[in-house]
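In UniProt numbering, the protein residues as written are 1 to 210. This report refers to the structure that appears directly beneath it.
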């Protein structure tokens, strides 16, 4: 299936894919956006804002899977730390958030992912500090079963092997077996601290570096 790097024009359709894929997700849906059904446009805008920031940062590789007609059907964001800034998109997003508040979100949970990092960061240390990390994987429900997800994951696995580093991911609910097919094994949990009780959250690594 066609996999390519995303361009700026892909961000809105990719956001709509993510909104559809995560609408019932325990973390992004139920916890962070309890009002997503009443404010679906705000839920999609949340993803678009996230994607703008990451698309402009060299440490992220933003991939999209497209149907034969060119429609975005899936996406993956792979992270490889590069330590460069993303001020332009952040500034634009702050203005947009002021003009169009996210009524789908629970304001008290806006920073829950940042607050959870101290509970899990130790897993990415030592021999696992250098990694290709799958920050996000989403396939539109209407495009499931077409191997888009497999190809989006395989891209990062190939890069990790080429660089002789490990690959890592935090699996959503029910996705452990899927990632296991790529050699990922669970080493810990992300549903601790502020994320205690969230479904899913297996921290998984593939340590095969060659």
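Ideal Cβ positions, reconstructed from N, Cα and C, are used throughout, including at glycine.
Any contact between the region 120 to 133 and the region 39 to 49? By contact I mean 3 or more CB pairs, one from each, below 8 Å.
Taking one beta carbon from each stretch, the region 120 to 133 and the region 39 to 49 have fewer than 3 pairs nearer than 8 Å; the two do not touch.
Should residue 73 and residue 148 be called a contact, given that it needs their Cβ atoms to be closer than 7 Å?
Working through the chain shown from its first residue, we reach residue 73 at position 73. Working through the chain shown from its first residue, we reach residue 148 at position 148. Yes, the Cβ-Cβ distance between residue 73 and residue 148 is below 7 Å.
Assess, as a yes-or-no matter, whether the region 153 to 168 is touched by the region 105 to 118 under the definition of 3 or more beta carbon pairs within less than 8 Å.
Segments in contact, no.
Going straight from the alpha carbon of residue 117 to that of residue 37, what length do you get?
Indexing the chain shown from 1 puts residue 117 at position 117. Indexing the chain shown from 1 puts residue 37 at position 37. Between residue 117 and residue 37, the C-alpha separation is close to 28 Å.
Excluding five sequence neighbours on each side, which residues of the same chain lie with their C-beta closer than 6 Å to the C-beta of residue 154?
Sequence index remark: in the chain shown, residue 154 carries index 154 (1-based). Here the set comprises nothing.
Residue 5 in three-state terms, based on DSSP
Translated into positions along the chain shown, residue 5 becomes position 5. Residue 5 falls in the strand class under three-state DSSP.
Have a look at residue 200 and residue 14 and give me their C-alpha separation to the nearest angstrom.
Translated into the one-based positions of the chain shown, residue 200 becomes position 200. Translated into the one-based positions of the chain shown, residue 14 becomes position 14. Residue 200 and residue 14 have their C-alpha atoms some 23 Å from each other.
Rounded to whole angstroms, what is the Cα-Cα separation between residue 156 and residue 35?
As a working note, residue 156 is residue 156 in the chain shown. As a working note, residue 35 is residue 35 in the chain shown. Computed Cα separation, rounded: 33 Å.
What is the DSSP secondary structure of residue 78, counted as helix, strand or coil?
Here residue 78 refers to the residue found at position 78 of the chain shown. Here residue 78 sits in strand by DSSP.
Report the rounded CA-to-CA distance for residue 40 versus residue 20, giving the unit in angstroms.
As a first step, residue 40 must be located in the chain shown, where it is residue number 40. As a first step, residue 20 must be located in the chain shown, where it is residue number 20. Answer to the nearest angstrom: the Cα atoms are 9 Å apart.
Cβ-Cβ distance between residue 183 and residue 206 below 7 Å:
Here residue 183 is taken as the residue at index 183 of the chain shown, counted from 1. Here residue 206 is taken as the residue at index 206 of the chain shown, counted from 1. Between residue 183 and residue 206, the CB-CB gap stays under 7 Å.
Excluding the five sequence neighbours on either side, which residues of its own chain have a C-beta within less than 7 Å of the C-beta of residue 32, listed in chain order?
Taking the first residue of the chain shown as position 1, residue 32 is located at position 32. Setting aside the 5 residues that flank it on each side, residue 32 is surrounded in the same chain by 105, 106, 109, 112, each with a C-beta closer than 7 Å to its C-beta; the list follows chain order.
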